[in-house]
Amino acid sequence: MADYLVIVESPAKAKTIEKYLGKKYAVKASMGHVRDLPKSQMGVDTENNYDPKYITIRGKGPVLKELKTAAKKAKKVYLAADPDREGEAIAWHLAHSLNIDEDSECRVVFNEITKTAVKDAFKHPRSINMDLVDAQQARRILDRLVGYNISPLLWKKVKKGLSAGRVQSIAVKMIIDREKEIKAFIPEEYWSINGTFSDGDAEFEAKFYGTAKEKQALASREDVDGVLQKMKGDQFEVTKVTRKERKRNPVQPFTTSSLQQEAARKLNFRAKKTMMVAQQLYEGIDLGKPAGTVGLITYMRTDSTRVSQTAKEEARTFITEKYGEEYIRHGERKNSKNSNSQDAHEAIRPTSIMYEPKQVKSSLSRDQYRLYKLIWERLVASEMAPAVMDTMSVDLDNEGVLFRATGSKVKFPGFMKVYVEGQDDGKKEEDKMLPDLQEGQMVTRTDMEENQHFTQPPPRYTEARLVRTMEEMGIGRPSTYAPTLDTVQRRNYVALEEKRFVPTELGEIVMDLVVEFFPEILDVEFTAKMENDLDYIEEGKQNWIEIIDEFYQGFEPRLKKAEEEMEEVEIKDEPAGEDCEQCGHPMVYKMGRYGKFMACSNFPECRNTKAIVKDIGVKCPKCKEGNVVERRSKKKRIFYGCDRYPDCEFVSWDKPIARPCPKCENMLVEKKTKKGVHVQCSECDYKEEPN
1 MADYLVIVES PAKAKTIEKY LGKKYAVKAS MGHVRDLPKS QMGVDTENNY
51 DPKYITIRGK GPVLKELKTA AKKAKKVYLA ADPDREGEAI AWHLAHSLNI
101 DEDSECRVVF NEITKTAVKD AFKHPRSINM DLVDAQQARR ILDRLVGYNI
151 SPLLWKKVKK GLSAGRVQSI AVKMIIDREK EIKAFIPEEY WSINGTFSDG
201 DAEFEAKFYG TAKEKQALAS REDVDGVLQK MKGDQFEVTK VTRKERKRNP
251 VQPFTTSSLQ QEAARKLNFR AKKTMMVAQQ LYEGIDLGKP AGTVGLITYM
301 RTDSTRVSQT AKEEARTFIT EKYGEEYIRH GERKNSKNSN SQDAHEAIRP
351 TSIMYEPKQV KSSLSRDQYR LYKLIWERLV ASEMAPAVMD TMSVDLDNEG
401 VLFRATGSKV KFPGFMKVYV EGQDDGKKEE DKMLPDLQEG QMVTRTDMEE
451 NQHFTQPPPR YTEARLVRTM EEMGIGRPST YAPTLDTVQR RNYVALEEKR
501 FVPTELGEIV MDLVVEFFPE ILDVEFTAKM ENDLDYIEEG KQNWIEIIDE
551 FYQGFEPRLK KAEEEMEEVE IKDEPAGEDC EQCGHPMVYK MGRYGKFMAC
601 SNFPECRNTK AIVKDIGVKC PKCKEGNVVE RRSKKKRIFY GCDRYPDCEF
651 VSWDKPIARP CPKCENMLVE KKTKKGVHVQ CSECDYKEEP N
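Residues in the sequence shown are numbered consecutively from 1, following the UniProt record's numbering.
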């Protein structure tokens with residue numbers, strides 16, 4: 001019989017920790033929270049200091065009963081939930097349910113699940129930190145006051161099933177505002193002139209710059225013609241050569257936000273998936289003998305870039321042995337944590353550099369391996385020397401018309417030997433070499449190309465870009481980004497198209513009402529201040545009841561005004577332009593839980609419904625009778641199929657186009673790559689260059 005009981009959140013974490021602690025310790029999982037506010041009612045007494053009414057979560061009775069039985073038999077109970085606000089609240093609720101004195105040394109925290117870290121943590125137990133608990137309670141109660149007051153109003157005025165959250169509403173508004181910017185954008189024309197030049201041995205490219213005195217923009221075809229008319233012949237003089245050495249520093253180790261962004265860029269992971277896989281790596285992976293089950297990364301909800309001295313020294317030893325002394329970074333670098341960071345944890349890093357990705361690959365799933373490799377490489381690179389780039393800039397002159405060529409090459413790779421951060425646009429950096437040109441030298445123009453361009457609207461938000469923007473604005477915290485993005489999609493307020501967010505009609509309707517009657521909910525500065533207030537509560541600088549009261553005293557009058565003045569919004573059914581094949585009545589577009597769909601207007605007498613499909617103007621290559629239509633899978637991924645399904649089962653992930661392959665007569669499709677969209681045959685090796 002074990003002398004001590006340890007309670008954690010998950011079975012995976014329990015399994016890992018139990019192996020480290022030995023036979024005297026029994027480790028059990030609470031399966032997350034055991035108590036929460038009731039779902040059926042507000043659960044917050046606004047007349048009595050916002051006193052929360054906690055109840056046992058439905059279905060947690062058997063878990064609590066098992067924990068109570070084990071606690072009675074144990075000499076001491078330790079609560080080892082995660083080292084953040086949520087974990088502290090779980091420990092507090094457990095203490096309440098199991099009659100454990102919250103002032104006793106019952107709380108154990110560790111930032112990584114390794115044998116050394118866990119055993120050391122049990123040597124230094126502490127009491128439950130009520131400042132952390134109060135910060136979590138304050139967030140939970142604030143969100144309940146907003147959600148459980150505004151949502152019923154939306155049910156009454158718009159339609160049932162709607163809801164409005166505090167941070168989620170800001171995210172939706174950001175997406176709507178960006179869409180408005182895009183629609184209001186007026187493209188402006190501009191031109192570029194690109195030349196190809198030769199010094200007799202090698203060719204290189206240069207772009208029109210202006211004159212020796214100033215840079216010149218080309219706004220029209222007339223501007224381009226004016227430049228071309230000034231030039232005489234194909235000979236250009238090299239008037240200026242600038243050679244510089246530029247250092248490029250490695251990026252900091254991962255925070256929650258930067259990990260989500262980089263996993264989106266390099267691994268095509270959604271934020272939710274990134275956090276799920278990171279959780280698995282944190283809680284423990286069985287590496288087999290002799291290591292056994294090991295937590296491979298530190299805690300994955302953090303806004304700090306700090307790394308322990310032990311981890312730094314381990315990384316530097318590895319770098320020296322693998323790459324040499326010259327690859328070590330010298331001098332301490334200031335952590336670039338933002339002003340909202342509490343620096344409570346370390347950055348996300350491997351628990352040991354010695355667990356090289358290739359060595360643990362066989363023990364990991366494909367997703368686990370790819371994410372772990374990213375985290376491992378980022379930490380190693382952060383302790384490596386800067387890369388050194390040789391850069392060269394050359395000015396070419398013809399009758400006062402100036403072209404400029406730039407080139408660079410890696411002189412010393414430094415950290416780039418291991419890792420280079422991804423780019424949002426998917427572009428990769430490549431060496432761009434120039435010939436060894438000298439001032440006064442003549443070069444020959446071999447080609448000249450004029451191109452018309454139009455300025456582009458701001459891009460729609462990807463998940464990664466939205467997370468980064470929210471972080472910069474101080475909205476949300478590491479634990480909230482992934483759930484926020486997941487929630488706004490499940491509520492059908494926004495949708496992902498081509499991996500970018502677009503607002504739905506429903507989202508725009510709901511946000512217009514929230515903006516009109518509850519402007520502070522959608523005010524970025526107000527929300528960022530609220531996040532800071534929650535941080536102050538965590539630090540013991542603010543009283544949580546005062547913060548909530550300050551909010552509610554302004555919120556309650558607005559609520560009463562909205563109940564009286566908000567007009568009912570009727571979401572009218574839009575004619576679909578076709579008749580029901582079952583009863584002949586017109587079909588209409590309806591708004592459902594998962595978006596728009598087509599339904600018979602004769603409902604409830606006729607219950608015919610069908611998904612909305614988009615005809616792409618291509619005949620089905622399989623049956624030759626039906627048309628190819630755009631559809632969406634259950635995971636919202638676009639695919640193409642015959643509209644005669646299930647009679648014809650043609651399906652393609654790539655978009656078919658309305659012309660056959662000139663080589664074999666089979667179907668041509670559009671294939672998307674990082675370099676653009678190119679056309680290729682679905683059967684043979686025929687391929688066209690990207691456009």
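Backbone N, C-alpha and C define an ideal beta-carbon position, used for all residues, glycine too.
Note that the structure is predicted; figures quoted are calculated from it, not measured.
Asked                                                                                                                                                                                : Found
Please state if the CB of Pro83 and the CB of Ile55 are separated by a distance shorter than 8 Å.                                                                                    : no
When the distance is taken between beta carbons, is Val294 closer than 8 Å to Thr114?                                                                                                : yes
Met587 and Met598 look like a contact to me (Cβ under 8 Å); what is the Cβ gap, rounded to whole Å?                                                                                  : 5 Å
Buried or exposed: which applies to Met354, given that a residue is buried once 16 or more other Cβ atoms fall within 10 Å of its Cβ?                                                : exposed
Taking Ser198 as the reference, which of Met530, Met442, Val677 and Ile612 has the closest Cα?                                                                                       : Met442
Along the alpha helix (DSSP H) that carries Tyr323, what are the first and last residues, could you check?                                                                           : Gln309 to Tyr323
I'd like the list of long-range same chain contacts for Lys240, defined as Cβ closer than 8 Å, with 5 residues on each side in sequence excluded.                                    : Ser393, Val394, Asp395 and Glu439
Under 8 Å by Cβ, that's how I've got Leu371 and Val277 pegged, so tell me the actual separation to the nearest angstrom.                                                             : 5 Å
Thinking C-beta only, is Tyr50 closer than 8 Å to Ile548?                                                                                                                            : yes
Taking the straight line between their C-alpha atoms, what separation do you get for Asp134 and Trp544?                                                                              : 6 Å
Once DSSP output is grouped into helix, strand and coil, what is the label at Glu332?                                                                                                : coil
Based on DSSP bridge pairs, tell me the residues matched to Trp191.                                                                                                                  : Gln452
Over the uninterrupted beta strand (DSSP E) stretch that includes Pro125, give me the two end residues.                                                                              : Per DSSP, Pro125 belongs to no beta strand (DSSP E) and is neither H nor E.
In three-state terms, what does DSSP make of Gln342?                                                                                                                                 : Note on Gln342: pLDDT 44, under 50, position unreliable in the model; the coordinate value appears next. It is coil, neither helix nor strand.
Note down the Cα distance separating Lys230 from Lys312, rounded to an integer number of angstroms.                                                                                  : 59 Å
For Tyr209, collect the residues of the same chain with a Cβ closer than 8 Å to its Cβ; drop the 5 residues on either side in sequence, then sort them by chain order.               : Lys215, Gln216, Asp395, Leu402, Phe403 and Arg404
What residue range is occupied by the uninterrupted beta strand (DSSP E) comprising Met392?                                                                                          : Ala387 to Asn398
Assign Glu497 to buried or exposed, taking buried as 16 or more other Cβ atoms, counted over all protein chains shown, within 10 Å of its Cβ.                                        : exposed
Taking Cβ to Cβ, would you say Gly474 is nearer than 8 Å to Ala528?                                                                                                                  : yes
Measuring only the C-alpha atoms, how far is Lys159 from Glu525?                                                                                                                     : 30 Å
Is Glu550 buried or exposed, if buried means 16 or more other CB atoms sit within 10 Å of its CB?                                                                                    : exposed
Extract the residue ranges of the alpha helix (DSSP H) inside the region 136-191, only unbroken runs of 4 or more that lie entirely within it.                                       : 166-184
Which two residues bound the contiguous alpha helix (DSSP H) that contains Gly61?                                                                                                    : Gly61 to Lys73
The alpha helix (DSSP H) with Phe269 in it runs from where to where?                                                                                                                 : Phe269 -> no alpha helix (DSSP H), and no H or E assigned at all.
Consult DSSP for Ala658 and reduce its assignment to one of helix, strand or coil.                                                                                                   : strand
Indicate the three-state DSSP secondary structure (helix, strand or coil) for Ala528 in the structure shown.                                                                         : helix
Helix, strand or coil, according to DSSP, for Val34 in the structure here?                                                                                                           : coil
Compute the Euclidean distance between the alpha carbons of Glu421 and Gly32, then round it to the nearest angstrom.                                                                 : 34 Å
For Ala202, count the other beta carbons within 10 Å of its own beta carbon; 16 or more makes it buried, fewer makes it exposed. Which is it?                                        : exposed
Taking 7 Å as the limit between beta carbons, can you name the residues of its chain near Leu534, skipping five residues before and five after?                                      : Ala135, Ala138 and Arg139
Under a Cβ-count criterion, where at least 16 other Cβ atoms within 10 Å of its own Cβ denotes burial, should Val651 be classed as buried or exposed?                                : exposed
Is the Cβ of Phe412 closer than 8 Å to any Cβ of chain B?                                                                                                                            : In the structure shown, chain B cannot be found, because there is only a single protein chain.
Might you give, ordered along the chain, the residues of its own chain that have their beta carbon closer than 7 Å to the beta carbon of Lys337, omitting 5 neighbours on each side? : The pLDDT assigned to Lys337 is 47, lower than 50, so where the model puts this residue is not dependable, and the model offers no usable value.
Apart from the five residues on each side of it in sequence, which residues of its chain come closer than 8 Å, Cβ to Cβ, to Ser97?                                                   : Val34, Arg35, Thr56, Leu64, Leu67 and Lys68
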